[in-house]
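Comments concern the structure below.
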Amino acid sequence: MKVQRPKGTVDILPGESGSWEKVESIARNFFKRANYREIRTPSFENYEVFSRSSGETSDVVSKEMYDFNDKGGRHIALRPEGTAGVVRAYVENKLYGPDVVKPFSVYYIDNTFRYERPQAGRQREFHQIGVESFGSDSPLADVETLMMAHDLLAELGVKNYELHINSLGNAQVREAYHDALVNYFTPVKDQLSEDSQRRLSQNPLRILDSKDERDKKFLPNAPKIVDYLDDESRKSFKTITDMLEQLGINYVMDDDLVRGLDYYTGIIFEFMVEDKNLWESATTILGGGRYNHLVEEFDGPETPAVGFGIGEERLMLVLKEQNPDLFQEEGIDFFITNIGAGTEFKAVEVARSLREQGFSAQYDVDQKKLKQQFRKADRVHATFVITLGAKELENGVLNIKRLSDGKIIDLSLEDINNMQDVINKLED
RNA sequence: GCGGAAUUGGUGAAGUGGUUAACACACCGGUUUGUGGAUCCGGCAUGCGUGGGUUCGAUCCCCACAUUCCGCCCCA
28 MKVQRPKGTV
38 DILPGESGSW
48 EKVESIARNF
58 FKRANYREIR
68 TPSFENYEVF
78 SRSSGETSDV
88 VSKEMYDFND
98 KGGRHIALRP
108 EGTAGVVRAY
118 VENKLYGPDV
128 VKPFSVYYID
138 NTFRYERPQA
148 GRQREFHQIG
158 VESFGSDSPL
168 ADVETLMMAH
178 DLLAELGVKN
188 YELHINSLGN
198 AQVREAYHDA
208 LVNYFTPVKD
218 QLSEDSQRRL
228 SQNPLRILDS
238 KDERDKKFLP
248 NAPKIVDYLD
258 DESRKSFKTI
268 TDMLEQLGIN
278 YVMDDDLVRG
288 LDYYTGIIFE
298 FMVEDKNLWE
308 SATTILGGGR
318 YNHLVEEFDG
328 PETPAVGFGI
338 GEERLMLVLK
348 EQNPDLFQEE
358 GIDFFITNIG
368 AGTEFKAVEV
378 ARSLREQGFS
388 AQYDVDQKKL
398 KQQFRKADRV
408 HATFVITLGA
418 KELENGVLNI
428 KRLSDGKIID
438 LSLEDINNMQ
448 DVINKLED
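Numbering (the working numbering), first residue to last: 28 to 455.
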């Protein structure tokens, strides 16, 4: 049978999985220091969990959802984003209860699915690293989220990104602004691009970031969301941006920034990276915002919340260019070669002992010629080679060689039990 | 979902309507089964994405499909 992976999926092979491990462990460690704990939710949910939260007319729901009916006739969807499932779990497990410390803050590293045409940095199965924090409407919670996003990218080694922020305000603001946009664009509808004519009825906000020249000429005079913000949103937004400045976090006010999901209220933001080697135009690697009504939408109590998600594949593409250290192949500490009758089992024992001492060690299960064993040691980037020869072993002697410069010293069998001392001796 | 390009071994690739598909790297074996990264010698695609068709004959022409990449839509 000829086999092939499904379109839009990738195998992360051992040559690369180490880099993923490093990135994820940096993230986990980072979240731990901020006291965000991990949450793991199902890869699939009932279809409505996503359709209701993201919005029926959003692209994610209307054309990118990976959904199917299971054998019990349930309408299931693979998660297209991380937030909805976490909110569902928050409500279902009554994490809003008084015995849970607020804010309730979690992170996740999950696979995620969208049915789309694949491109570089866009797959049908991909991974998101995200955080969500429930229970606080304070601007400090927004700042916390933004600061974490910024500092995590910095710690990972992402360099040339730009933080774009905007505020969508509460539901009434969005509605008023929505109407203002419709009123503004409807008289000139015939002059808009086909895409924007469609957007006008489905999601007029999206017209704002159109790349079509026919639409662009109407944008400068289009209504601005800031003019529709209520006092409270305005004040909160100001507090947030003031703090960002004091924290030394650069940002760009972006009136045209709209996010693809309907559930956002208040601040929204994206970290965009521009790199001509990777993408024609600036690409978002991290996006997020405040969503104060999603918990209610799932029949939970009124609970403000804020979070962000990082596209891990895109992050990896950027890091490969900007922090190549993360992608260096790691070798092993010891390779044990052996030659002569009765030495092969000793090699097994020595490897076991070294591993117990915390070193990485390998021996040649194929028992090739000594020369081949050395070649293999090179290929696995061993730092040291220990050689067990039949003649020497009779006298309890063996030797160790440092591959970088060929330095060799003799050891006794007992030295194996304390290799750190041997290494120190070699370094002298 | 729409438009475009690509698809030859483990990798980078050359190539032609007709007997053995170039070259390079990598890999494997040998070069005194006891010490690697060098040299030299040898091996390494019955096969040119998959399935059809045209032809005496196709990797090379035609069609369909698949996958990848690029742009659009949208997004991570």
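Even glycine gets a Cβ: it sits at the ideal position worked out from N, Cα and C.
With a minimum length of 3 residues, the unbroken runs of beta strand (DSSP E) contained wholly in the region 79–111 fall at 93–96, 102–105.
Minimum Cα-Cα distance from ALA249 among the listed residues TYR63, PRO214, LEU397, SER260 corresponds to PRO214.
Around ASN96, the same chain offers HIS102, ILE103 as residues with beta carbons nearer than 8 Å, after the five sequence neighbours per side are excluded.
Taking the C-beta atoms as reference points, ARG141 is found no nearer than 8 Å to VAL76.
Under the 8 Å Cβ criterion, the region 170–190 counts as touching the region 47–66, having at least three qualifying pairs. Rounded to the nearest angstrom, the Cβ distance from LEU235 to VAL200 is 15 Å, too far for a contact under 8 Å.
Taking the C-beta atoms as reference points, ASN138 is found nearer than 8 Å to SER70. In the three-state scheme derived from DSSP, where H, G and I count as helix and E and B as strand, LYS262 is classed as helix.
For ASN210, the enclosing alpha helix (DSSP H) starts and ends at 198–212. If you draw a straight line from the Cα of ASP391 to the Cα of ILE450, it is about 22 Å long. Nearest to LYS186 by C-alpha distance, out of ASN350, VAL128, THR310, ASN73, is ASN350. Our two residues, PHE354 and GLN399, have alpha carbons roughly 27 Å apart in a direct line.
Contact check for ARG341 and ILE295: beta-carbon distance about 18 Å, past the 8 Å limit, so the pair fails to qualify. Here GLU171 is buried. Its C-beta has 16 or more other C-beta atoms within 10 Å.
In this structure, the CA atom of ILE66 is about 47 Å from the CA atom of GLU441. Between GLY334 and GLY157, the CB-CB gap stays under 8 Å. Note that the C-beta distance between PHE362 and ALA417 is not below 8 Å.
MET92 and LEU190 have their C-alpha atoms spaced approximately 28 Å apart.
Less than 8 Å separates the beta-carbon of ILE435 from that of ASN426. Residue range 166–183 is occupied by the alpha helix (DSSP H) that includes LEU180, with no beta strand (DSSP E) assigned at that position. Rounded to whole angstroms, the Cβ separation of ASP257 and ASN197 is 6 Å, and the two are in contact under 8 Å. Taking C-beta atoms as the reference points, ALA388 and ASP405 fail to come closer than 8 Å. In the DSSP assignment, LYS428 is bridged to VAL412, ILE435.
Here ASP137 is bridged, per DSSP, to GLN155. Looking from the CA of LYS395, the closest CA among VAL412, ILE366, PHE372 belongs to ILE366. MET343 is classed as buried because its beta carbon has at least 16 other beta carbons within 10 Å across all chains shown. The three-state secondary structure of GLY336, taken from DSSP, is strand.
In the structure shown, ILE295 adopts extended strand secondary structure according to DSSP, grouped into three states. Excluding the 5 residues flanking it on each side, ASP352 has same chain C-beta neighbours closer than 8 Å at GLY184, in chain order. Using a Cβ distance threshold of 8 Å, PHE401 and ARG429 do not count as a contacting pair. Around the beta carbon of ASP455, a 10 Å sphere encloses fewer than 16 other beta carbons of the protein chains shown; the residue is thus reported as exposed. Under the criterion of beta carbons closer than 8 Å, VAL114 and SER80 qualify as touching, at roughly 7 Å. Rounded to whole angstroms, the gap between the alpha carbons of ASP289 and ALA378 is 57 Å.
Annotation for LEU313: the continuous beta strand (DSSP E) segment containing it runs 310–317. Assigned with DSSP and collapsed to three states, ARG286 falls in coil, not helix or strand.
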